[in-house]
Amino acid sequence: MMKNTRIIISGFVIFIILLVLFYRGYFDNNKEIDFFNDKFGIQLPKDSEIILSNKSYGAMGDGYRVYIYQVTSESMKIIAEKGRENHWSELPLPSDFTASFFKKIRGITDETTSKLIPLDADQGYFVIRDNQTNASISGTNVFESSFDNVIIGMMDLDNKRIYLLSYNM
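Residue numbers (my numbering): 118 to 286.
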């Protein structure tokens, strides 16, 4: 009888551990998707693949996060429609904006990450918002402030990828 009790308790403990690991993994995998929805009001499918999840913040809250999502063709059509409805601007990025944008990305991330964001994409949409007020920002002076709190979203329709860059300086 004592042996059966140990087996039952051991089985129950293993079950609980597996359950906790499953739930933790599930919620960790969806935090990037939920962050996109929170910031842009566009729900990405739960099966979206996270190609890159990189964030680096200091003690004072300054830093950045970069997420790259891969979605299916069908999902991209729906997401792009919602982007249009939410007043995302059409790509390509303005030419006078691209150089300062690359310089800013390179300044706050690393070289490898900065090369992953396709600033030359010409099919899709983009939006730039103030990270605190969520107000849209337009024009090329978005990088002039020394205390930027900006979030940038970009949909590359050709590659079926969505890019999110958020930084607080």
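We treat Cβ as the ideally placed atom computed from N, Cα and C, and that holds for glycine. Just so it is clear, the structure is predicted and the values come from calculations on it, not from any experiment.
Only residues of its own chain outside the window of five on either side were considered, and among them 244 and 253 have a CB closer than 8 Å to the CB of residue 204, listed in chain order. Annotation: residue 201 to residue 124 spans about 58 Å, alpha carbon to alpha carbon.
The alpha helix (DSSP H) runs of length 4 or more contained entirely in the region 198-240 are, from start to end of the chain, 212-225 and 228-233. By the criterion of at least three beta-carbon pairs nearer than 8 Å, the region 269-278 is not in contact with the region 174-182.
In the three-state reduction of the DSSP assignment, residue 281 falls in the strand class. If one requires a minimum length of 4 residues, the alpha helix (DSSP H) runs lying completely within the region 118-167 are 119-157, in chain order. DSSP places residue 273 inside the beta strand (DSSP E), whose first and last residues are 266-273. DSSP, read as helix, strand or coil, puts residue 254 in coil.
Looking at the backbone, the Cα of residue 160 and that of residue 119 are separated by about 52 Å.
At a Cβ-Cβ threshold of 8 Å, residue 184 and residue 152 count as neighbours. In its chain, beyond the 5 residues on either side, 178, 179, 180, 248 and 266 have a beta carbon closer than 7 Å to the beta carbon of residue 285. If you compare the alpha carbons of 216, 188, 235 and 222 with that of residue 162, the shortest gap goes to 188. Residue 234 and residue 121 have their C-alpha atoms spaced approximately 58 Å apart.
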